[in-house]
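The structure appears below as structure tokens.
Residue numbers (the working numbering), protein chains in the order written: chain L, -4 to 556; chain Z, 2 to 202.
Written out as structure tokens, the structure is:
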């Protein structure tokens, strides 16, 4: 059955799909967005203001239900009792991994995707990142440089609103900032110590975050309630539901179709073009087809690649648009698990008022001005300080009136440095279709082969050492370095599997996120990344998407698609 | 101001720090539909009486309400029924029964029948044993992100954790922490609130 025609089909309604929807609709294209999950209704689905005593398990999460329905998703800190519906049910979405090589695949299927759940940290990549593959020869060079993306960072930031502090660092270019959030007493103390002992090389700054500190484009400033991952009824943090999809809607040219699970893409070998999309209605299981002259894949890193792999043809027997053989390969995720925690003495008469939805950040300092002997590339630290709460009373033997009075008061300030490190592109980290494993809609799922390597482990170890060293310089007490074995996927920054590059023989997409093989096919989510940097990637996905949309429309107008 | 009006007000881009009290009140009403049930599913009457007395001994009514007023027993019953594994539930209930065994041994009566000093003596013994269990694991590898290692199977640690959680996540307990659902602003170095005193509820 053929449905009405559109000018463009966007697959996915999250971080990048929302941007594609907004850009195309605003540029006059009749835009169809296909979303596999259900609609998101903020007034019903958001739960950020529900106090603990109104939750059945008071913040302890619904352990048994989660363990049964979402054993992998519930490993993510953000998966709670009141927002578990923003995570897929693992029972409906199986995938396989190699023995001893776990990959934690955290997914959200609803209008808005994971943009409802993200950590909201926004950092521009720099030429330290875009030139990294070229410099150390690990993988083919990026086809773009910072200068190509800078105006698109500006463009995206103007719309979404990012609060932060300008530092003028070459390795971490400044965004167009709204006023920064404040640090707390202990963080300010550590910041001073870092400046004193390490100089400008290790700067502690407030996190750069897509949460509004003032009214912006009709969205209200943050009211500091805290749990952003449960939603935000005032639309103060950026998500596609809160910002880009309403903008697309306003044009009258957006058709957003939820419950549309994409099975595969249709390819015409004669015209060398994508002609349409095969969809399974998630509720009725009916098979549908949609057609448009332009297709944007924004379904998330592994889902977009899975769609291409499931769309094989006689010619593209190893996956559509895969003449390079690199589709599915070079999967990356930031390595974390290394860092240190300590007590920062003092400030006992001070507390935080309000819940700041933000961390503090130390930009990359390894392999910036000096070469590190142990590893290439680098990492940044996310940090946070908070006073210990009543939980510390569980393992103290005291009881009674004095104990109760003492435990109501906050404990010492704890400060934690937690590193996020760059992961090298590696051909041997890859995904393939596992024909023996299908999801609840009968669509073959992925087998994920992924493990960190020597360079990543050396980075994790250094996070632990440097974190402890800095907390020692900051006068920390009871310093506890840690090295946790967080597996790939756990940073939920999965990238790669359809990388950009100049050479069609070694890359899937060109400098405009356009398939080398199929001109009317674009992939603009994290799949496109040719390396991983060490900073949070979503801002870059958004800038790449807006840039690719602009390019695609100019090609369309020139009749070159 | 009803919910719809409150949302409209916020959507219009009102500065959160200037939220009028009626907006905040409307937000608090939105999900306020508590229906606490007093029907216990796991604890029998004696277990409930023992647990309630123990919880009140840990967090007594002072200038602020205690564990009983916060109905910590109902929360723990719910956790035993719907959150704990069968194994943990068994361990907890055996530990609770052991509190009576200890009190019988020392004073010839059940925990609920014992006087305040006698109950305190039982607690001190449980606390010393918990401290020993902690010492035993002190040299073990730390937990995730450098957290302190947990003692192995220890009823008193389980009881304390559940009681503290039940209390401080109740409306009564949360009030002691001066938490605001919608603070409206952030201050990283705010003066600490005065020591606990009667605040009413």
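C-beta: ideal position from N, C-alpha, C; glycine also.
Original post:
DSSP puts residue 164/L in a beta bridge; with which residues?
Top reply: 167/L
Original post:
Under 8 Å, do residue 552/L and residue 415/L count as touching if we go by C-beta distance?
Top reply: no
Original post:
For residue 509/L, which of helix, strand or coil comes out of DSSP?
Top reply: strand
**OP:** Using a Cβ-Cβ cut-off of 8 Å, state whether residue 28/Z counts as contacting chain L.
**Re:** Summary for residue 28/Z: the model assigns pLDDT 47, below 50, so the residue's position carries little reliability, and this model does not support an answer.
Original post:
When the Cα atoms are used, what is the spatial distance from residue 90/Z to residue 44/Z?
Top reply: 11 Å
**OP:** Go through its chain and collect everything with a Cβ distance to residue 32/L's Cβ below 6 Å, but skip five positions before and after it.
**Re:** 104 and 105
**OP:** Note down, in chain order, each residue of its chain lying with its Cβ closer than 6 Å to the Cβ of residue 123/Z, except the 5 sequence neighbours on either side.
**Re:** 103 and 104
Original post:
What separation, rounded to the nearest whole angstrom, lies between the Cα atoms of residue 29/Z and residue 249/L?
Top reply: Confidence at residue 29/Z is low in this model, with a pLDDT of 46, below 50, so its placement is unreliable and no value can be given for it.
**OP:** Could you confirm whether any beta carbon from chain Z is found closer than 8 Å to the beta carbon of residue 333/L?
**Re:** no
Original post:
Is residue 190/Z helix, strand or coil when you go by DSSP?
Top reply: strand
Subject >> Cβ-based neighbour list, residue 472/L, same chain, cut-off 7 Å, excluding 5 preceding and 5 following >> reply: 337, 338 and 340
Original post:
Is there at least one Cβ from chain Z nearer than 8 Å to residue 472/L's Cβ?
Top reply: no
Subject >> DSSP-derived helix/strand/coil call for residue 364/L >> reply: coil
**OP:** May I ask you to list the residues that DSSP assigns as paired with residue 472/L?
**Re:** 338/L
Original post:
Considering only C-alpha positions, which residue in the set 56/L, 79/L and 113/L is nearest to residue 83/Z?
Top reply: 56/L
Original post:
chain L beta carbons: is any one of them nearer than 8 Å to that of residue 189/Z?
Top reply: yes
**OP:** In the DSSP assignment, find the beta strand (DSSP E) that holds residue 263/L and state where it starts and stops.
**Re:** 255 to 263
Original post:
Which chain L residues sit within Cβ distance under 7 Å of residue 87/Z?
Top reply: Within 7 Å Cβ-Cβ: nothing; residue 87/Z doesn't reach chain L, min ~11 Å.
Original post:
Does DSSP put residue 375/L in a helix, in a strand, or in coil?
Top reply: strand
**OP:** Classify residue 125/Z as buried or exposed, calling it buried when 16 or more other Cβ atoms lie within 10 Å of its own Cβ.
**Re:** exposed
Subject >> Below-8 Å beta-carbon distance, residue 83/Z vs any chain L residue >> reply: yes
Subject >> Residues of its chain near residue 139/Z, where Cβ-Cβ distance is below 8 Å and the 5 sequence neighbours each way are ignored >> reply: 150
**OP:** Can you give me the Cβ contacts of residue 239/L inside the same chain, cut-off strictly under 6 Å, excluding the 5 residues immediately before and after it?
**Re:** 13, 14 and 17
Subject >> Cβ of residue 177/Z within 8 Å of any chain L Cβ >> reply: yes
**OP:** Pull up the DSSP beta-bridge partners for residue 356/L, would you.
**Re:** 200/L and 377/L
Original post:
Do residue 203/L and residue 155/L have their C-beta atoms within less than 8 Å of each other?
Top reply: no
Original post:
Hey, residue 458/L and residue 374/L: beta-carbon distance below 8 Å or not?
Top reply: yes
Original post:
Taking all protein chains shown into account, do 16 or more other C-beta atoms lie within 10 angstroms of the C-beta of residue 63/L, making it buried, or fewer, making it exposed?
Top reply: exposed
Original post:
How many angstroms separate the CA atom of residue 119/L from the CA atom of residue 170/L?
Top reply: 7 Å
**OP:** Between the Cα of residue 111/Z and those of 52/Z, 175/Z, 174/Z and 188/Z, spot the shortest distance and give me the residue it belongs to.
**Re:** 52/Z
Original post:
Is there at least one Cβ from chain Z nearer than 8 Å to residue 80/L's Cβ?
Top reply: no
Original post:
Would you call residue 1/L buried or exposed, if buried means 16 or more other Cβ atoms sit within 10 Å of its Cβ?
Top reply: buried
**OP:** Rounded to whole angstroms, what's the CA-CA distance from residue 556/L to residue 513/L? Just pull it up for me.
**Re:** 9 Å
Original post:
Can you round the beta-carbon distance between residue 501/L and residue 135/L to whole angstroms, since I take them to be within the 8 Å contact cut?
Top reply: 5 Å
Original post:
In chain L, which residues lie with their C-beta within 8 Å of the C-beta of residue 96/Z?
Top reply: Per Cβ cutoff of 8 Å: no residues; residue 96/Z is ~15 Å from chain L at best.
Original post:
Does any residue of chain L bring its CB to less than 8 Å from the CB of residue 77/Z?
Top reply: no
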